[in-house]
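Input: a single structure, listed below in C-alpha cells.
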Amino acid sequence: MMLRKGDYMTSIFEQGFEHSEKLFEVSIDEFADKGYDKASINTILKLAGMSKGQFYYHFKNKEALYFALIDNLIMKKQIFLGSHMNPEDFNKDIFTIFETQIRLGMRFGKEYPIIFKFSECFIREKGKPIYKKAMAKYNFENNDQIIQLIDRAYNRGEFREELPREFIIKTVGFMFNKIPEMATVDDVTDYEEYLMHLIDFMRKGLGRNSDK
C-alpha cells in the first residue's frame, strides 16, 4: 500500500509555468498575512513579477488560485508520506496507520514551515464562505486513499463485524471532516493531540477488539 506516483493528486503548479514557483511563495504569504478576503491578486502579481494575462491564463480567479495552493500542499504531503512510510507500516492495523500518518504529517509541517503558515491561515477562515467551500471540496468521505485503507482493514476483519462497510467509510470521513470544528485551537501543532484522541475513539468504537 505504498503510495505510487500515480496515486498522488495533481496540481497546476506541477506544470512549472513561468513564475509558478514565485507565485506559489508570494500567494501563501499574501493569504497568510491578510486572509482570503483581503488578499490582493494585484499585490500577488506584482511580487511574483507576473502579468494579469499570464495569471488568468492559468487561474479563473482568486478562489482558483487558493484551491490550487491547497492542491499543491496536499500533493507535497502525499509525496512526503509516501517516501517516509515503510512497507511494514502498512502491515499494521488501520488505526496505527492513521497514527503514523498523523505524526508524519506534523513532522512534514515542521520541516516545511510554509505548510504550517498556510494551514494557520486556513484555520482563521473557519466559518467563512471560502472555508465552507474548501471543506466541501476536500471531503474525507471521498478520499480514495482512506477508502482503500478502510477496504483493506475491513477485509482483514479489523472492524466490528456488525458494522457495514459504507457506515464505516462515512463515519471515519465525517469525524475527520469535523476535527477542525471540534478542535478549538489556533496553533496547527495542537491538532495532533485532538487527532490522536479521535483515532483512539475510532479504535474503541469501530475496532473489532475494542471490548478487550
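Numbering follows this note's numbering, in which position 173 of the sequence shown is assigned residue number 173; successive positions increment by one, without gaps.
Note that the Cβ used here is the ideal one computed from N, Cα and C, for glycine as well.
Exposure of residue i, with buried meaning 16 or more beta-carbon neighbours within 10 Å
| i | result |
| --- | --- |
| R107 | exposed |
| N86 | exposed |
| A136 | exposed |
| E30 | buried |
| F118 | buried |
| F174 | exposed |
| S27 | buried |
| K126 | exposed |
| K60 | exposed |
Residue i to residue j span [Cα, whole Å]
| i | j | result |
| --- | --- | --- |
| F201 | Y36 | 34 angstroms |
| R165 | R203 | 15 angstroms |
| K38 | G109 | 25 angstroms |
| I179 | I199 | 11 angstroms |
| K46 | N142 | 37 angstroms |
| M9 | N139 | Confidence at M9 is low in this model, with a pLDDT of 43, below 50, so its placement is unreliable and the value that follows should be read with caution. One C-alpha to the other measures close to 14 angstroms. |
| E161 | N177 | 24 angstroms |
| D93 | F167 | 18 angstroms |
| I12 | G49 | 18 angstroms |
| F98 | L81 | 11 angstroms |
| K76 | N209 | 35 angstroms |
| L69 | E88 | 32 angstroms |
| F134 | Y57 | Reading off the sequence, residue 134 comes out as Ala, not Phe. Looking at the two C-alpha atoms, the distance is approximately 23 angstroms. |
| N42 | Q145 | 37 angstroms |
| K128 | L163 | 35 angstroms |
| M196 | T100 | 10 angstroms |
| E120 | A32 | 8 angstroms |
| S20 | I44 | 12 angstroms |
| G205 | S51 | 54 angstroms |
| I147 | S83 | 20 angstroms |
| D211 | Y131 | Annotation note: pLDDT 48 at D211 (below 50); position unreliable, coordinate value reported separately. Between D211 and Y131, the C-alpha separation is close to 38 angstroms. |
| F207 | E192 | Contrary to the premise, residue 207 reads as Gly rather than Phe in this sequence. So the alpha carbons of these two residues sit roughly 21 angstroms apart. |
| F67 | S40 | 15 angstroms |
| E63 | E158 | 40 angstroms |
| L65 | I169 | 30 angstroms |
Helix, strand or coil at residue i according to DSSP, with G and I counted as helix
| i | result |
| --- | --- |
| K212 | With a pLDDT of only 46 at K212, under 50, the local geometry of the prediction cannot be trusted, and no value is derived from it. |
| G173 | helix |
| F17 | coil |
| F159 | strand |
| K128 | coil |
| Y138 | coil |
Residue i - containing alpha helix (DSSP H), residue span
| i | result |
| --- | --- |
| M85 | Per DSSP, M85 belongs to no alpha helix (DSSP H) and is neither H nor E. |
| G207 | Element bounds for G207: n/a, residue is neither H nor E. |
| K117 | 113-123 |
Residue from the options whose Cα sits closest to the Cα of residue i
| i | options | result |
| --- | --- | --- |
| E181 | Q101, I169, V172, Y194 | Y194 |
| E18 | Q78, L163, Q54 | Q54 |
| I102 | E21, D190, L206, G205 | D190 |
| T96 | A153, L23, Y57, F24 | A153 |
| R156 | G127, F90, R124, K132 | F90 |
| I150 | F24, I130, T171, N72 | T171 |
| G105 | F122, I28, I169, L73 | L73 |
| I115 | N61, I147, D71, A64 | D71 |
| Y112 | E25, G205, G207, L206 | E25 |
| R124 | I169, K34, L65 | K34 |
Distance cut-off 7 angstroms: residue i Cβ against heavy atoms of the ligand GTP
| i | result |
| --- | --- |
| I28 | What this structure holds is no ligand at all, so the ligand GTP is not there to describe. |
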